[in-house]
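Following: one structure in structure tokens, then a few remarks.
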Amino acid sequence: MTITDPAKKPKFSASDDKGAANATDTESVHGKWSEIMVSVAERSQKLIQEFLERDRNQTIAGFLPPSDPARLTEAFSEFIERVNQSPEKLLDFQIDFWKDYIKLCRASLDKLSGKTEVIEQVFKPEANDKRFKDDAWREVWFFDFLKQSYLLSSKYAQSMVDKTDGLDPKVVQKLEFYTRQIVDAMSPSNFWMTNPEVLRATYETGGDNLVVGLDHLLKDLERGGGELAITMSNNKFFRFGENIATTPGKIVYQNELMQLIQYSPMTEEVHQVPLLIIPPWINKYYILDLKEKNSYIRYLVLQGYTVFCVSWVNPDSELSHINFDDYMELGILESLKVIGRITGEPKVNTIGYCIGGTLLSCALAYLKALGDKRPRNIPEIASATYLVTLVDFAEPGEIGVFIDENQIMALEARMEKQGFLGAPTLNLTFNLLRANDLIWSFVVNNYLLGRDPFPFDLLTWNSDTTNLPATMQSFYLRNMYMDNNLIKPNALSMKGVPIDIHQISIPSFILGTREDHITPWKAVYSGTQIYQGPVTFILSKSGHIAGVINPPAANKYGYWTNSTCPADPEEWVKTATSHDGSWWPEWINWLKTYSGEMVPALQPGSNGEVIEDAPGSYVKVRAL
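The following block contains the structure:
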């Protein structure tokens, strides 16, 4: 079904407020709206009936009311109790609210009365708030008033939580997070009758936008097995090896958990010490190789490095037994053995991204603990680069909202039934951290406006999430987030060997990103105080993805450097030097120190088996 573009000719403007429509026009408009609503209801009922018939049992389960493992009822009850204990503070909040509300009403009445002078908005959206970009939110007094009323209510709802005394910090964090979720969900932009752009589209298309949107919604529910798996990008547009993950290479090894990619050299000579990348397995590796102009992997190859990268499997129930240390043994250690055999080099530089960096630190501590028992066919690690990696989980940021005993037990019970943590659950968790951008904008575009999402490589990757083995995920949540065992000497064991990451003595490079909502930069910085060896820390602007994937040619963002690493991260920032552009060249200069002399380039397969062309088959398996 095709709908017209509702943005071509606005039907809501400031002039709509001034003149009274004649009775004939009014009746005509009312009549058309009645026809539209009847048509939408009839077609929607048919769609829903077809949807329920297709997958009645599995999908209906997704609508069952959830339990409350996060104990939100308890948290909000405690909040209300604390508020009631300070009636004078509540009265002050109410007085301030009504003062601002009266101010808003006066400004809106002035606008309604047609005053010619410019009337300043009492409450303005943030500069990066895209929800109210349609002109009608500013030009039409009703929508302007609706928008500002919402912003006013949001401000006071969130400030009441922030300023309530006597609450446990963990409870405050939970209340702040879920209050924001409620506030974001209640935005007038998320409802068709209070969004001028959606109303315009509904009138112009005869309600086709709502019917098409409902079809999109039901397909996303069906695709997610009852959980809402929002389609964020036209994924069919992207084809591996053609316009995404295009850096040429070969799969030179595989096991049940991963494929190892060796990339083809683009220079006649390369640095002697090869480079191994350990990406996260929560998403797929190709965030590092989206397309030529922003490919981190391609950049490394062009800098004269022999680059290897792990491509993790997308696990199903057959791999439910896989644990965290299996990722180390079958992933990192096996890769090192293969690289040593293929290149003949005694040393390897390593890069770990996010949880891949956490695993790398475990592997380094494990090899250190083995001492003389270390296998001889595993090359030495010349250096370790940690990209937005947590090793100290004391302050994990908003992810901590989802981590407590009750929630982990509920998650474990769920994983026990299917053998893994499903991709939709994981995807929703991370999307909630940026709900307006990653949930509600698509609700409006896909379900209310009835539009197809644009092809966008980053969002295609973001929605290409993976399942996580039940055993591994339980171990990771309990030992890292819950008990923070990784920074406790010998509290954590890998393959039966107690490890101590404080004993890691090789050169380390740590990257944090200033606006990171997944691994907060101050928590990442704490790694500088743990490792024994020389540590270099760089803080990049932007967030968890854009702050890392920032090619020099783009000349975007910027970063800070500091030759020292004081205990206080704020002290590091105060004495740091600011730079424009990408951190990549700065890091390459650091890496060269540990990369050896230049030697003739080695083609994939010249000293080993070739299984298939990169990016391989494992990366193509989708969970959704």
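Quick note on numbering: the sequence shown equals residues 15 to 638 in the working numbering. Note that CB positions come from ideal geometry on N, CA and C, so glycine has one too.
Put simply, the backbone Cα of arginine 214 is about 23 Å away from that of glycine 128. The stretch 354-363 makes no contact with the stretch 448-468; the number of CB pairs closer than 8 Å stays below 3. Per DSSP, the unbroken beta strand (DSSP E) holding proline 614 starts and ends at 612-614.
Cβ atoms of phenylalanine 551 and tyrosine 539 come within 8 Å of each other, at about 6 Å. Take the alpha-carbon of isoleucine 532 and the one of tyrosine 170: they are about 26 Å apart.
Taking a C-beta distance under 8 Å as the contact criterion, isoleucine 392 and leucine 347 qualify as a contact pair.
Beta-bridge partners assigned by DSSP to cysteine 376: none are found. Taken through DSSP and simplified to helix, strand or coil, histidine 516 comes out as helix. By the neighbour-count criterion, in which a residue is buried when 16 or more other Cβ atoms sit within 10 angstroms of its Cβ, serine 91 is exposed.
By the criterion of at least three beta-carbon pairs nearer than 8 Å, the stretch 220-232 is not in contact with the stretch 168-183.
Remark: C-beta atoms of leucine 491 and isoleucine 413 do not approach each other more closely than 8 Å.
Under the 10 Å beta carbon count, aspartate 497 is surrounded by fewer than 16 other beta carbons and is classified as exposed. By the criterion of a C-beta distance shorter than 8 Å, alanine 379 is surrounded in its chain by Met508, Ile513, Asp514, Ile515, Gln517, Ile518, once the five residues flanking it on both sides are discounted.
Counting of Cβ neighbours within 10 angstroms places lysine 125 among the buried residues, the total reaching 16 or more. Taking a cut-off of 8 Å for Cβ pairs, the stretch 418-435 and the stretch 328-337 touch, as three or more such pairs fall below it. Counting along the chain, the unbroken alpha helix (DSSP H) around tryptophan 151 starts and ends at 150-153. Asparagine 249 carries a helical assignment under DSSP once its states are collapsed to helix, strand and coil.
Counting only residues of its own chain and dropping the five nearest sequence neighbours on each side, glutamate 611 has a CB closer than 6 Å to the CB of Gln286. Taking all protein chains shown into account, alanine 141 has fewer than 16 neighbouring C-beta atoms within 10 Å of its C-beta and is therefore exposed. Rounded to the nearest angstrom, the gap between the Cα atoms of valine 185 and aspartate 339 is 33 Å.
Distance from threonine 485 to alanine 437 at the Cβ level is roughly 17 Å; contact not present, criterion being Cβ atoms closer than 8 Å. The residues Leu435, Ala484, in chain order, have a CB closer than 6 Å to that of methionine 429 in the same chain once the five nearest residues on each side in sequence are set aside. Annotated three-state conformation of leucine 165 is helix, per DSSP. Note that the stretch 113-122 does not touch the stretch 204-222; fewer than 3 beta-carbon pairs, one per stretch, sit closer than 8 Å. In this structure, DSSP gives tryptophan 112 a helical state, which the three-state scheme calls helix.
Put simply, of Arg312, Asn209, Leu224 the residue whose alpha carbon is nearest the alpha carbon of lysine 161 is Asn209.
For tyrosine 608, the three-state secondary structure derived from DSSP is coil. Every unbroken stretch of the alpha helix (DSSP H) spanning 4 or more residues and falling wholly within the stretch 375-441 is given here in chain order: 419-432. For glutamate 283, the enclosing beta strand (DSSP E) covers residues 283-285.
Below 8 Å, enough C-beta pairs join the stretch 618-635 and the stretch 260-275 to call them touching: three or more.
Counting along the chain, the unbroken beta strand (DSSP E) around lysine 361 starts and ends at 361-367. With respect to the C-alpha of threonine 403, the residue from Ile453, Tyr267, Trp535 having the closest C-alpha is Trp535. For aspartate 158 against tryptophan 151, the beta-carbon gap comes to about 6 Å, under 8 Å, which counts as contact. With 16 or more neighbouring CB atoms inside 10 Å of its own CB, methionine 272 falls in the buried class. For tyrosine 313, the enclosing alpha helix (DSSP H) covers residues 310-316.
In the assembly as shown, phenylalanine 416 is a buried residue. Its beta-carbon has 16 or more other beta-carbons within 10 Å.
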